[in-house]
Structures are given as structure tokens and as C-alpha cells.
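Visitor: Before I ask anything, here is the structure I am working with.
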Amino acid sequence: MGRVTRSSSTGAFVLVVCVTSFADPSSVTIRAFGWLYERHPRTAIANLSQLVAPVCVIKSQPTQLTHGYWKDLLNILALATVVQFDVYPAPFLHVPQGRYSSNRSVGPNKMTRAEQRSNMTPEERDTLLAAKNEKAKAHARELRFKSAADTHALLLSRLSESRFRALYIAVARLFANELVGQTALMHKAEALPGSEEQNRIAREVSLVGK
1364 MGRVTRSSST
1374 GAFVLVVCVT
1384 SFADPSSVTI
1394 RAFGWLYERH
1404 PRTAIANLSQ
1414 LVAPVCVIKS
1424 QPTQLTHGYW
1434 KDLLNILALA
1444 TVVQFDVYPA
1454 PFLHVPQGRY
1464 SSNRSVGPNK
1474 MTRAEQRSNM
1484 TPEERDTLLA
1494 AKNEKAKAHA
1504 RELRFKSAAD
1514 THALLLSRLS
1524 ESRFRALYIA
1534 VARLFANELV
1544 GQTALMHKAE
1554 ALPGSEEQNR
1564 IAREVSLVGK
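Following this line, the structure appears as C-alpha cells:
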């Protein structure tokens, strides 16, 4: 993955977390991390937990906050898979509406001109539209299945690369460790029904489970 210096890699990571304090984490965080991942992958992966750890101090807040969200880790992994860190907006995260779905029921305007001018009864028109809707849904379903298969094949090929494999394992471990801790918190809260302590523990439960 290449050799990096302590000063350059540490400075680069500080740049990532500082930028995210003042901008939309759903875009800037991921793009900044992508820059670091491409140039200093070891530093990026080693410090990945800092994006979701409560290390951000804000004077107006009683508790420390995070620079990013758990979903950012999944988006980072997704963009590393499809190699879209340097593309904005990233097509993988901004799928055009209706690309894989029929979106709307097929109406009269979806009928051919000859069909619209024909002397069909209302029942025949409804039957024709129903058939068109089913065909549109089947086509959308086929596109979704193909997209999923292509993405899975791409993921398998990326896992043969050491840098991506390290990122994949790091994200998986972060989620696994957090879910174990969150499960323990929930079990602890369940054992204290109706108490103030239960409410306090409940506030510590993150959204990682979603």
C-alpha cells in the first residue's frame, strides 16, 4: 500500500476531521476520506473509527459528538468498491429516480397512438394497462437483479486487492464491535424498567443497528 510519513499522514487525517466539523458530512467527509484513502491508505484505515467516535468537542453541547455517522462508513466502503471517491455527485449514492423501478403506474399516455384511438371498452383498456404495468414491473425487477449481481461480482474482485480488503475488514469490525456493545446496553436497560437509569442508558444507544 506504499510507505507514508508520520507528519504527512497525520496532517492529512486532521484535515479530514476538521473539514467535517464545518460542512455536510454526507459529502465532504466522504470525499476528504477518499483523498486520504487514495494517498495514505494505512492512515485512513487506522483512523477510520475517528469518524464515528465521540471526539468532537462543541462548547454549546453537554456531551462530545461525532464528526460523521455510521452510514458514512458504509458509503465510504461502497464508493471504494465502485471507485467513485473523486466523482461528485457519486452516481452510486445518487441513483436517478426511476432507474430500477417502474416508478408510476402506466397510464393512457403510455399507450400507443393506435391503442388510444381504438374502440376499446373500458374493461379492455384496463386489461391492456394492467398487462403493460406487469411488463414494466418485470423489466424493473430484471434491472435490479442484474445490478445486484454486477455489484456482487465487483465486490468479489475488489476483495483481491489488499488495500480494499483492509478497509472492508476494518468497517466490518467497527460495526461488529459496536453492535456487541449496543446489544449489551439494551439488555442492561431492559433489566431496569421504568427507572431513570434505563432512560440514561437508552440515550446511549446509537443508530448503528439501523
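Per this note's numbering: the sequence shown = residues 1364 to 1573.
Here a beta-carbon is modelled for each residue, glycine too, at the ideal position from N, C-alpha and C.
1) Checking 9 Å against the spacing of the C-beta atoms, do I1393 and A1477 come in under that value?
2) According to DSSP, simplified to helix, strand and coil, what is L1456?
3) With distances taken from CA atoms, which of Q1413, L1436, D1435 and C1419 is nearest V1428?
4) Counting only runs that start and end within the region 1404–1429, where is the alpha helix (DSSP H) found for 4 or more residues in a row?
5) Residues in its own chain within less than 7 Å of M1549 by CB, not counting five upstream and five downstream?
6) CA-CA distance, V1445 and L1522?
7) Let me check understanding here. Comparing Cα to Cα, which of P1425, E1553, T1475 and A1443 lies closest to R1526?
8) Determine the burial state of T1490: buried for a count of at least 16 other Cβ atoms within 10 Å of its Cβ, exposed for fewer.
9) Tell me whether the beta-carbon of L1537 lies closer than 9 Å to the beta-carbon of S1412.
10) Rounded to a whole number of angstroms, what is the C-alpha to C-alpha distance between L1555 and N1562?
11) In the DSSP assignment, find the unbroken alpha helix (DSSP H) run with K1500 in it and report its ends.
12) Just to confirm the assignment, what range does the alpha helix (DSSP H) spanning N1540 have?
13) N1540 to K1551, Cα distance in whole Å?
14) Counting C-beta neighbours from all protein chains within 10 Å, is the total for T1406 16 or more, i.e. buried, or is it exposed?
15) Just curious, the alpha helix (DSSP H) that Y1400 is in, first and last residue?
16) Going by C-alpha to C-alpha distance, which of I1439, L1414, S1423 and I1421 sits closest to H1430?
17) Using 10 angstroms around the beta-carbon of Y1451, count the other beta-carbons present and answer buried if the total reaches 16, otherwise exposed.
18) What does the Cβ neighbour count give for P1425, buried or exposed, with the cut at 16 atoms within 10 Å?
19) Should H1457 be labelled buried (16 or more other beta-carbon atoms within 10 Å of its own) or exposed?
Guide: Looking at the coordinates:
1) A1477 sits away from I1393, with the two beta carbons spaced by 9 Å or more.
2) DSSP places L1456 in coil when its eight states are reduced to three.
3) What sits at residue 1428 in the sequence shown is Leu, not Val. With distances taken between Cα atoms, L1428 lies closest to C1419.
4) 1404–1409
5) V1568
6) 12 Å
7) From the listed residues P1425, E1553, T1475 and A1443, the smallest Cα separation to R1526 is found for A1443.
8) exposed
9) yes
10) 9 Å
11) P1485 to R1521
12) First-last of the alpha helix (DSSP H) with N1540: S1525 to E1553.
13) 17 Å
14) Its Cβ being crowded by 16 or more others within 10 Å, T1406 is buried.
15) I1393 to R1402 is the extent of the alpha helix (DSSP H) around Y1400.
16) Here the closest residue by C-alpha is L1414.
17) exposed
18) exposed
19) exposed
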